[in-house]
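Read through the structure below, which is laid out as structure tokens, and then see the notes.
In the UniProt record's numbering, the protein residues as written are 1 to 296.
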């Protein structure tokens with residue numbers, strides 16, 4: 001399967017248009033049509049309906065594979081290039097909302113004192129976006145967080161890079177409005193809260209699919225979705241009574257009209273991990289070592 005043809009297919013499927021895909025890719029519309037025809041011939045099945053443009057059932061199945069395949073190819077290209085030319089001068093760092101803490105700020109301060117001319121860009125984004133950005137070289141380092149059983153690795157996109165280095169682990173709690181009827185409980189099993197309303201905020205709070213996987217029943221169901229990375233906005237939604245979320249206790253600012261009750265079962269933890277390259281160079285290695293060495 002030619003990766004160039006696969007990339008063209010993904011762009012056409014995303015735009016639902018051959019002409020729009022051609023403009024984005026810098027090809028003629030005829031070339032895009034030829035790419036799709038060649039890919040369909042290779043696989044022996046139609047991948048796109050033409051009028052209107054939309055993936056067929058086989059095309060939907062291919063899209064499920066395409067993202068990880070293309071990401072692995074980009075990650076492999078980056079990994080090979082870095083063996084000869086470690087990045088220098090500019091430094092991109094990605095972090096998920098709950099991983100972008102004083103730990104990163106303190107480490108950056110130490111490294112910038114040693115390299116005062118260093119051009120640093122820090123971007124906060126969702127978990128999978130940060131992992132993908134690290135895999136493709138957008139970020140030299142990435143801090144990611146997630147909710148897992150104590151002995152399990154974080155579930156992130158497969159970028160072909162080494163596993164993350166654990167840098168922090170904390171217990172979890174359920175965030176409720178301060179006047180919630182259950183706010184004075186000493187602790188919760190997740191199964192105690194199956195009928196509660198939940199906020200689906202998988203780029204900030206514990207993702208509901210992971211909580212459902214860990215629960216003994218069908219697990220919590222969302223009553224509202226928060227598609228963002230601003231922790232303060234999420235806390236405000238909880239305070240206003242729109243639903244509950246699971247967070248590490250240290251993440252919630254003081255003074256908010258919310259309360260945290262420890263999550264006692266299932267046994268889960270909030271973990272922060274550092275993604276670092278095999279051959280980052282002196283600046284990247286120094287920042288990585290400073291992040292791992294921080295205590296806060």
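Glycine included, every Cβ here is placed at the ideal spot set by N, Cα and C.
Span of the alpha helix (DSSP H) holding residue i?
i           : result
residue 4   : 3-15
residue 33  : 29-43
residue 287 : 282-293
residue 135 : 127-135
Report the three-state DSSP secondary structure of residue i (helix, strand or coil).
i           : result
residue 114 : helix
residue 84  : Summary for residue 84: the model assigns pLDDT 48, below 50, so the residue's position carries little reliability; its value from the coordinates is reported in the next sentence. The answer is coil: DSSP assigns residue 84 none of H, G, I, E or B.
residue 168 : strand
residue 119 : strand
residue 192 : helix
residue 197 : coil
residue 143 : strand
residue 181 : coil
residue 153 : coil
residue 22  : helix
residue 205 : coil
Quick one: give me the first and last residue of the beta strand (DSSP E) that residue i is part of.
i           : result
residue 323 : Examination of residue 323 is not possible in this model, given that the chain is present from 1 through 296 alone.
residue 50  : 48-50
residue 95  : 90-95
residue 99  : Per DSSP, residue 99 belongs to no beta strand (DSSP E) and is neither H nor E.
residue 186 : Element bounds for residue 186: n/a, residue is neither H nor E.
What do you reckon, are the CB atoms on residue i and residue j nearer than 9 Å?
i           : j           : result
residue 143 : residue 272 : yes
residue 176 : residue 206 : no
residue 121 : residue 165 : no
residue 1   : residue 43  : yes
residue 284 : residue 95  : no
residue 145 : residue 99  : yes
residue 90  : residue 48  : no
Which one or two residues does DSSP pair with residue i in a beta bridge?
i           : result
residue 148 : 269
residue 173 : 247, 262
residue 109 : In the DSSP output, where bridge partners are listed per residue, residue 109 has none listed.
Next on the checklist: Ignoring anything shorter than 4 residues, give me the alpha helix (DSSP H) runs that lie fully in the segment 210-279, in order along the chain.
Outcome noted: 231-239
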